[in-house]
Structures are given as structure tokens and as C-alpha cells.
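Here's the structure we're looking at; comments come further down.
There are 2 protein chains.
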Amino acid sequence: MNPKIEKLIKLFAKLPRVGNRGGQRIALSLLQDKTGRGIALANAIVDAMENIVPCPRCGVLTDVGAGVCEFCRDSGRANGQLCIVRDLSDVWTLEKSSVFHGRYHIIGGLLSGASGILPTDLNVKNLPSRITDEIITEIIFALPNTVEGKTTQHYIVSTLNDVENVVFSELASGVPLGGDLDYIDDGTLTLAFGGRKSL
Amino acid sequence: MNPKIEKLIKLFAKLPRVGNRGGQRIALSLLQDKTGRGIALANAIVDAMENIVPCPRCGVLTDVGAGVCEFCRDSGRANGQLCIVRDLSDVWTLEKSSVFHGRYHIIGGLLSGASGILPTDLNVKNLPSRITDEIITEIIFALPNTVEGKTTQHYIVSTLNDVENVVFSELASGVPLGGDLDYIDDGTLTLAFGGRKSL
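Residue numbers (this note's numbering), protein chains in the order written: chain A, 3 to 201; chain B, 3 to 201.
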């Protein structure tokens with residue numbers, strides 16, 4: 003195979019959920035496209051890579067030189083609520099649902115022995131100063147409902163022990179909307195029973 | 003969402019089998035990667051888009067200015083066999099299996115009323131001259147085993163009616179290796195029965 007095409011396929015194949023077959027299809031579709039879609043994509047990648055940085059306050063990716071991100075700039079979102087999430091895709095998911103109107107804090111990972119992520123790797127250093135500066139009254143944990151997620155949540159709560167006038171909360175566990183009990187795992191069912199509500 | 007990131011996601015989402023969720027994952031993985039994988043990908047795209055063209059003889063993508071492609075240059079492949087395929091990914095598939103050692107001819111599509119592909123859209127104009135110049139003795143059709151594939155094959159054979167000393171062949175139809183009869187469709191089963199071999 004032509005080395006330039008081979009290199010392109012390999013780079014595409016390494017992207018999440020693409021793989022070798024997908025990389026071949028993508029490379030071929032770009033090379034056979036006469037409308038310059040490939041060049042447009044290359045330019046967009048370079049533009050984003052060179053001009054997007056994490057917000058120094060919350061970690062949301064934002065334009066370089068813009069100071070803080072759109073969420074931190076928006077005084078309408080300074081409602082005292084701070085939602086702690088793992089990464090930017092969680093912010094996008096929450097934004098799409100329009101369920102939360104406060105500010106975010108991206109910690110960038112979950113504590114995990116398997117992948118070697120330590121407390122020092124989490125973006126949590128400025129949490130106390132954010133709570134003070136932005137007069138945060140509630141911290142909502144929206145981390146994955148897994149062992150790693152819960153471990154990370156406990157760790158963060160423990161580091162904020164001496165912070166006053168802040169309540170901590172986490173998303174409810176239970177049966178998802180439209181969820182058939184036949185297809186719900188035992189762990190979820192146990193949590194749903196434990197958290198049952200009176201009618 | 004940040005407009006630069008949004009644009010990047012949209013361009014990735016349009017690639018084959020990626021979609022919006024996949025585009026988000028890919029964009030995020032590149033933006034969060036510190037090793038410059040995004041820039042390397044952008045450079046590889048531009049390099050391939052600007053320096054790769056179809057071989058003027060057979061249609062295989064090759065370096066610009068190299069004349070004909072690696073297959074057409076390789077005199078070891080001038081064995082009189084010419085394999086007609088739809089696109090470059092079919093060439094890659096056949097090369098991986100090491101089943102064919104002749105030359106290729108990419109026609110670039112299949113005749114189809116639905117997608118409006120006409121005989122003039124097929125890369126077949128130089129087939130007669132290739133047969134003469136390269137002393138082709140067998141033309142092997144490796145087009146998809148579909149109505150469009152067979153229609154295209156019949157069309158190409160009809161245009162080569164007055165070519166002499168060439169035999170035409172097509173890939174065998176039948177039960178794939180490891181194929182359980184339970185999962186084989188009726189059409190394939192009919193073809194496999196019709197083409198049965200004595201032991």
C-alpha cells in the first residue's frame with residue numbers, strides 16, 4: 003500500500019472507536035472526495051488544536067486568550083451551584099438536557115488503581131477558592147455511578163471537609179426512564195429499592 | 003459549545019460510520035491529547051490529499067508524479083490476468099488475502115438507477131487498450147455479488163465483445179468458509195446448489 007495512505011489510515015485507526023477497517027473507509031472517502039473535505043478537516047483540526055485551551059478555572063475547553071470559558075463568564079450561571087464532572091463530554095450531555103443552570107468543574111479523570119490515576123492528577127486544587135470566590139452553596143457530583151466514580155467523589159468530599167455552608171449532593175440512582183425491570187441489573191435494582199419514594 | 007470545537011465535531015461526524023457521538027469522542031480525544039496527535043493527523047491528511055492521485059492506467063491511488071502505480075510498474079504482475087474491482091478498498095482486501103497476483107482495474111462505481119451512475123461514469127474507456135498493451139488473457143470480475151454488480155459486469159463484457167483471445171470469469175458464489183447453513187440466505191443457497199461440485 004502507498005506509504006502516505008498507510009500513514010493516514012494508521013492515524014485515523016487510532017481514534018476512538020474507529021479501528022483499522024474504519025480508518026481505511028475514512029481515508030478512502032477523503033481521498034476520493036473532490037470537494038476538499040479533507041483539507042477542511044485538516045484546517046479545522048489545526049485551528050482547534052492551536053486555539054483551544056482548558057478554562058483555567060473549570061477546565062472546559064475554550065478559546066485561547068479568552069480568559070475564562072463561556073460558563074464562567076456567564077453571570078447568569080452564578081446561582082451557587084457547582085456541578086463536578088469527569089470530562090467535557092459530560093458537560094455537553096448535561097447541557098443538552100438543559101437540567102442544570104449553574105457552573106461546572108471538570109476534574110479530568112477518576113481515581114483508579116488500574117489506570118494509575120492519583121489524587122494529584124485530579125483538577126481539584128482550586129475547588130476551595132472557587133467555593134469562596136463564587137459563593138457556592140451546593141456541590142452536585144455528576145460522576146459515573148461506578149466504584150471509581152464513588153471513590154473519587156468520597157475523596158473530593160473529604161478534601162473539602164473544613165469548607166462551611168456548602169451542601170453536597172449526587173445524582174439519584176435508579177431505574178432509567180422507559181427501563182423495563184427485566185433488563186435492569188441487580189445493583190441498580192438494589193439502589194432503586196433503597197431509594198424508593200412514597201407516593 | 004465553542005464554535006471551533008463544534009465545527010471540528012461536525013466535520014468528523016460526516017466521515018463514514020462516525021456520526022455525531024463518534025465525532026464528539028474523536029474531537030475530545032484529540033483536544034485532550036498533549037502528544038500532538040491532532041497536528042500529525044492534520045499533516046497526514048494534507049500530505050495525502052495533495053500528493054496522491056489515481057493511477058492513470060488502473061485507478062489505484064498513487065503518488066503524484068510517479069507515473070503509473072506500484073501494481074502497473076511491477077512487471078512481475080504482468081501475468082495476463084486483469085481483475086476488475088469497484089474501488090481501492092477491494093484491491094486492499096484482495097491484496098491482504100494474497101489470492102491474486104495480476105493487475106487491477108478500478109471502475110470506480112456500479113451502474114445504478116437509484117444513485118444515477120451511468121456507463122459514462124465508469125472508468126472503462128482504456129480497457130481495450132490495456133488488454134492489447136498488457137497482453138491480457140483473462141479478465142476476472144470481482145464486483146459485489148449484487149444486482150448492481152452483475153449489471154455492471156454484463157455491461158463491461160458487452161463493450162468488450164469484439165476483443166479476441168480473452169476469457170472472462172467471475173468469483174464463485176456459495177457458502178462462505180465456516181458458514182452455517184442456518185444463517186445463509188436463500189439466494190446464496192440457490193447459487194451454492196447450482197454450482198455444486200462432484201467429490
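In this text, a Cβ means the ideal position worked out from N, Cα and C, and glycines have one as well.
It should be emphasised that the depicted structure is a prediction, and the values quoted were computed from it without experimental measurement.
Buried/exposed call for residue i, threshold 16 Cβ in 10 Å
i, result
"A:K98", "exposed"
"B:L33", "buried"
"B:L201", "exposed"
"A:T204", "A query on residue 204 of chain A cannot be resolved here, the shown segment of chain A reaching from 3 to 201 and no further."
"A:F195", "exposed"
"B:G38", "exposed"
"B:I137", "exposed"
"A:A144", "buried"
Whole-angstrom C-beta distance between residue j and residue i, which should lie under 8 Å
i, j, result
"B:H107", "B:L84", "6 Å"
"A:A44", "B:A29", "14 Å between Cβ atoms; not a contact."
"A:I11", "A:Q26", "5 Å"
"A:E140", "A:G82", "6 Å"
"A:T161", "A:L112", "In fact, because the Cβ distance is near 15 Å, the residues do not count as touching under 8 Å."
Neighbourhood of residue i by C-beta, 6 Å cutoff - its chain only, sequence neighbours within 5 removed
i, result
"A:N22", "A15"
"B:R59", "V70, C74"
"B:I54", "L63"
"A:F170", "I141, V159"
"B:A102", "Note that residue 102 of chain B is Phe in the sequence shown, not Ala. Hits under 6 Å: C85, L96."
"A:V66", "N53, V55"
Length of the line joining the Cα atoms of residue i and residue j
i, j, result
"B:I119", "B:Y157", "13 Å"
"A:N210", "A:A80", "This structure cannot settle anything about residue 210 of chain A, because the visible part of chain A is limited to 3 through 201."
"A:D76", "A:V48", "28 Å"
"B:P178", "B:K152", "19 Å"
"A:T148", "B:G104", "55 Å"
"B:I2", "B:A174", "In this structure chain B extends from 3 to 201, so residue 2 of chain B is not present and cannot be described."
"B:T190", "B:A46", "41 Å"
"A:N4", "A:R19", "24 Å"
"B:E166", "B:I86", "18 Å"
"B:T134", "B:K127", "13 Å"
"B:L17", "A:D35", "11 Å"
"A:V93", "B:E8", "14 Å"
"B:A50", "A:S131", "49 Å"
"A:D182", "A:G197", "18 Å"
"B:D187", "A:S31", "30 Å"
"B:K199", "B:Y185", "21 Å"
"A:K6", "B:L129", "28 Å"
"B:G180", "B:S100", "20 Å"
"B:A116", "A:A68", "50 Å"
"A:V168", "A:G78", "20 Å"
Boundaries (first-last residue) of the beta strand (DSSP E) holding residue i
i, result
"A:C85", "83-87"
"A:I141", "140-143"
"A:P56", "54-56"
"A:R64", "The sequence given here has Thr at residue 64 of chain A, not Arg. 63-65 is the extent of the beta strand (DSSP E) around A:T64."
"A:R105", "105-108"
Near the ligand SAH: residue i beta-carbon under 6 Å from a heavy atom
i, result
"B:G104", "The model on display carries no ligand, and the ligand SAH is accordingly not part of it."
Range of the contiguous alpha helix (DSSP H) that encloses residue i
i, result
"A:A165", "Checking the sequence shown, residue 165 of chain A turns out to be Val, not Ala. Careful: A:V165 lies outside any alpha helix (DSSP H) and carries neither H nor E."
"B:Q26", "21-33"
"B:V93", "90-99"
"B:D188", "188-196"
"B:E72", "72-75"
"A:D135", "129-135"
"B:I7", "5-15"
Close Cβ partners of residue i (< 8 Å) along its chain, the five nearest in sequence each way excluded
i, result
"A:G110", "G61, R88, D89, D123, L124, N125"
"A:L13", "G25"
"A:G176", "T190, L193, A194, G197"
"B:P146", "R88, L112"
Same chain, Cβ closer than 7 Å to residue i, neighbours up to 5 away in sequence not counted
i, result
"B:C57", "T64, V70, C71, C74"
"B:E150", "L112, L113, S114"
"A:P121", "L113, Y157"
"A:S91", "none"
CB contact below 7 Å: residue i versus chain C
i, result
"A:K98", "Included in the structure are the protein chains A and B, with no chain C among them."
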